[in-house]
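Below is one structure, written out as structure tokens, with a few remarks after it.
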Amino acid sequence: MFKNLSKFVCCLGLVNGTQMACSQLQNDHSYNRMQHYNFLSQDQLHNLLNKHKNLFILRENQTQHILSMIRDVNSDIVTFRQNSDRLIRILLEQALAHIEKKNSIKQSPLGFYDANQVKFSDQEICIVSILRSGNAFLNEALKVIQGASIGQILIQRNEETSMPKYFFEKLPENINEQQIILVDPMLGTGGSASMALKILQNYGVKQENIIFLNLVSCEQGLNKVFKEYPKIKIITAQVDPILIKEINYLAPGIGDFGDRYFGTVKKHTRAEQV
Amino acid sequence: MFKNLLRIGVNLSLFNTTYVLCKSIKDEKLPHYHFLNEQDLNKLLKKHQNLSIIDRSYTEHILSIIRDIETDTVEFRKNSDRLIRILIEQAISQIEKKKHVKQSPLGYYDAHEVKFEDEEICFVSILRSGNAFLFEGLKAVSGASIGQILIQRNEDTALPSYLFQKLPANIKDQQVILMDPMLATGNSATLALRILKNQGVKQENITFLTLVSCEQGIEKLFREFPKMKIITAQVDPILLKDFNYLAPGIGNFGDRYFGTIKKSQQSGQQQ
Numbered sequence: 001m002f003k004n005l006s007k008f009v010c011c012l013g014l015v016n017g018t019q020m021a022c023s024q025l026q027n028d029h030s031y032n033r034m035q036h037y038n039f040l041s042q043d044q045l046h047n048l049l050n051k052h053k054n055l056f057i058l059r060e061n062q063t064q065h066i067l068s069m070i071r072d073v074n075s076d077i078v079t080f081r082q083n084s085d086r087l088i089r090i091l092l093e094q095a096l097a098h099i100e101k102k103n104s105i106k107q108s109p110l111g112f113y114d115a116n117q118v119k120f121s122d123q124e125i126c127i128v129s130i131l132r133s134g135n136a137f138l139n140e141a142l143k144v145i146q147g148a149s150i151g152q153i154l155i156q157r158n159e160e161t162s163m164p165k166y167f168f169e170k171l172p173e174n175i176n177e178q179q180i181i182l183v184d185p186m187l188g189t190g191g192s193a194s195m196a197l198k199i200l201q202n203y204g205v206k207q208e209n210i211i212f213l214n215l216v217s218c219e220q221g222l223n224k225v226f227k228e229y230p231k232i233k234i235i236t237a238q239v240d241p242i243l244i245k246e247i248n249y250l251a252p253g254i255g256d257f258g259d260r261y262f263g264t265v266k267k268h269t270r271a272e273q274v
Numbered sequence: 001m002f003k004n005l006l007r008i009g010v011n012l013s014l015f016n017t018t019y020v021l022c023k024s025i026k027d028e029k030l031p032h033y034h035f036l037n038e039q040d041l042n043k044l045l046k047k048h049q050n051l052s053i054i055d056r057s058y059t060e061h062i063l064s065i066i067r068d069i070e071t072d073t074v075e076f077r078k079n080s081d082r083l084i085r086i087l088i089e090q091a092i093s094q095i096e097k098k099k100h101v102k103q104s105p106l107g108y109y110d111a112h113e114v115k116f117e118d119e120e121i122c123f124v125s126i127l128r129s130g131n132a133f134l135f136e137g138l139k140a141v142s143g144a145s146i147g148q149i150l151i152q153r154n155e156d157t158a159l160p161s162y163l164f165q166k167l168p169a170n171i172k173d174q175q176v177i178l179m180d181p182m183l184a185t186g187n188s189a190t191l192a193l194r195i196l197k198n199q200g201v202k203q204e205n206i207t208f209l210t211l212v213s214c215e216q217g218i219e220k221l222f223r224e225f226p227k228m229k230i231i232t233a234q235v236d237p238i239l240l241k242d243f244n245y246l247a248p249g250i251g252n253f254g255d256r257y258f259g260t261i262k263k264s265q266q267s268g269q270q271q
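Note that the protein sequences, when read in sequence, are chains A and B. Residue 154 in the UniProt record's numbering sits at position 154 of the first sequence; the count goes up by one each step and never skips. Residue 62 in the UniProt record's numbering sits at position 62 of the second sequence; the count goes up by one each step and never skips.
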């Protein structure tokens, strides 16, 4: 009887052992299927900033929390919109901070002071959005600069070739005299941005008058845009480490910003969102 | 000397009268459009049961500022947003409600709440002008889906051409609120509605919002889509044949809202 019991216990032990080994293998396998992307180090970011003098990256302590909510695949649409709007507002304020100011003397209730105010009136500032995703910026933009002009350029990326395709544009007639804030949430290959900048150039807009805003970018996109348009300014909330070649999506990225902001996410892609 | 003064006096008054005459002639070049009276509006409402016109007391002041050619971009946007919000609230009020019993701090009450979740409501905007509705749309229904259809009117032929669309995959299961500030010939709206039909959206689930419309446009839409609803802030009396613009109308809403007015359109040239 004792022998049987010990045989029984041995068998149980074997079963348990193999089960643990199998589940371990399974966990490792599922963990490896989904990559864990690490953000760029301080050194890498410094190198990037030294390379491109017209590149500005928002301070990490301001953007970490908000970007985390935006990236999170489990964030519902309301949370996604609220956090996107917050980050977009921060980017817009940063853009305005870079616009030339004029010095004057003004009066406070107690006495005079040196006033430095943006040199241009509302209508001399034009927000140009790269449809469809860029339109998400317009909500906050009109709160900050109520009288700004709004231009729109529709460029869609062919999902297979990743080549940008131009559809349509509506820009103010006098855009060559305005301060331009070009907006598009993601800067991946830089193809769409480059096309939009070309269109602006054709209208006579000077590079120095363009500030390009995006939420997340990558080195390849930044390099491409600065190579073709070295005098524009780019303000980004974070530079992601990877541009996945086959699908030209940033990683960890946000996924498809337009689909997530406008609520047109196809159900089958939700689970596999990179 | 007195004679000279008299001569100057006569010349001045001659000059003045000709100036006044000329000015009044210049003003008479522009027509004065009168809005439809109560009778005409009641006839229209009887003819189309699914047409709602927002009560004039809500819209008179706001529409007046929007129409005014002197109104600057900021005021134009503020007032458009107010009117758009009124239209959206009206649209939501017509969506089916479900009854429950709920509890207030003092006791129970009969609760009637919109039957659908935020995501089951989809705002479909006809780009570019329809996008103006989205800012207020997202304030009213923060979780709504947003679809976009780009239709541009060829300025010479006035015929619409379809350029692009991005709609939710499950739009046929949603309550759709279609938006475009102006309803003139009804050609663009018809094209958009056909696209929605192709996606499987039922007519009864579509509400079309527009700031200013006209009889021709309304007739055209209801002829092809009798079961949808249309909510408009005001019905203008005239559709100018040559330009297919409403009169008195608003002008080009998109250009005025987004600040892309061409200098040739400003001051003097009423469409």
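Where is the CB? At the ideal position from N, CA and C, for every residue including glycine. This structure is a prediction, so every number in the text was calculated from the model and none was measured.
Not one beta carbon of chain B lies nearer than 8 Å to the beta carbon of A:Gly204.
Secondary structure within the stretch 33 to 86 of chain A: the beta strand (DSSP E) runs of 3 or more consecutive residues, fully enclosed, are 55 to 57 (chain order). DSSP places A:Tyr166 in the uninterrupted beta strand (DSSP E) bounded by 164 to 170. Among the residues of chain B, those whose CB is under 8 Å from the CB of A:Val78 are Asp118, Ser142, Gly143, following chain order. For A:Met195, the uninterrupted alpha helix (DSSP H) run begins and ends at 191 to 202, by DSSP. Taking a contact to require three or more Cβ pairs closer than 8 Å, the stretch 221 to 233 of chain A and the stretch 74 to 89 of chain A do not qualify as touching. At least one beta carbon of chain A lies nearer than 8 Å to the beta carbon of B:Ile146. In this structure, A:Thr264 lies near B:Gly147, with their beta-carbon atoms less than 8 Å apart. Annotation: Cβ neighbours of A:Pro172 in chain B (cutoff 7 Å, chain order): Gly259, Thr260. With fewer than 16 other beta carbons inside 10 angstroms of its own, B:Val101 counts as exposed. Of the residues assessed, B:Asn50 falls on the buried side of the cut-off, its CB having 16 or more other CB atoms within 10 angstroms.
Contiguous alpha helix (DSSP H) elements confined to the stretch 4 to 79 of chain B occur at 38 to 47, 56 to 67, taking only those with 4 or more residues. Residues are counted here when their Cβ sits less than 8 Å from a Cβ of chain A; for the stretch 147 to 176 of chain B these are Gly147, Gln148, Leu150, Gln152, Leu163, Phe164, Lys166, Leu167, Pro168, Ala169, Asn170, given in chain order. Judged by their CB atoms, A:Glu169 and A:Asp85 are not nearer to each other than the 8 Å cut-off. Counting C-beta pairs with one atom in each stretch, the stretch 157 to 171 of chain A and the stretch 55 to 72 of chain A have fewer than three that are closer than 8 Å, which means they do not touch. Close to A:Phe137, with beta-carbon spacing below 9 Å, lies no residue of chain B; the smallest spacing is near 12 Å. In the structure shown, the three-state DSSP call for A:Ala148 is coil. Contact between B:Gln39 and B:Phe116 does not hold, since the beta-carbon distance rounds to 38 Å and is not under 8 Å. With a cutoff of 8 Å on beta-carbon distance, B:Thr260 and A:Gly151 are scored as near each other. As the crow flies, the alpha-carbon of B:Ala247 is around 13 Å from that of B:Gln216. In this model, B:Ser188 and B:Leu87 are separated by some 20 Å (Cα to Cα). Between B:Asn131 and chain A, the shortest Cβ-Cβ separation is below 8 Å. For A:Phe262, the enclosing alpha helix (DSSP H) has its first and last residue at 257 to 262. Beyond the five residues adjoining it in sequence on each side, A:Thr63 comes within less than 8 Å, by CB distance, of Leu87, Ile90, Ala237, Gln238 in the same chain, given in chain order. For B:Asp81, the secondary structure class from DSSP, reduced to helix, strand or coil, is helix. With a threshold of 16 other beta carbon atoms within 10 Å, B:Ser93 falls short and is exposed. Residue-level contact check: B:Phe253 does not touch chain A, since none of the beta carbons of chain A fall below 8 Å from its beta carbon. Residue ranges of uninterrupted beta strand (DSSP E) with 3 or more members, entirely inside the stretch 95 to 148 of chain A and ordered along the chain, are 101 to 107, 112 to 118, 125 to 131. Secondary structure remark: continuous beta strand (DSSP E) runs of at least 3 residues inside the stretch 156 to 230 of chain B, in chain order: 160 to 166, 175 to 179, 206 to 214. For A:Phe212, the enclosing beta strand (DSSP E) begins and ends at 210 to 218. Within the same chain, and ignoring the five residues on either side of A:Ile242 in sequence, the residues whose Cβ sits closer than 6 Å to its Cβ are Ala251. Here the alpha carbons of A:Glu100 and B:Lys197 stand approximately 50 Å from one another. Leaving aside the five residues that flank B:Ile65 on each side, the residues in its chain whose CB is nearer than 7 Å to its CB run, in chain order, Thr71, Glu75, Asn79. Burial check for A:Gln146: the Cβ neighbour count within 10 Å stays below 16, so the residue is exposed. Under the 10 Å beta carbon count, B:Val235 is surrounded by 16 or more other beta carbons and is classified as buried.
By DSSP's assignment, A:Lys233 forms a beta bridge with A:Ile211.
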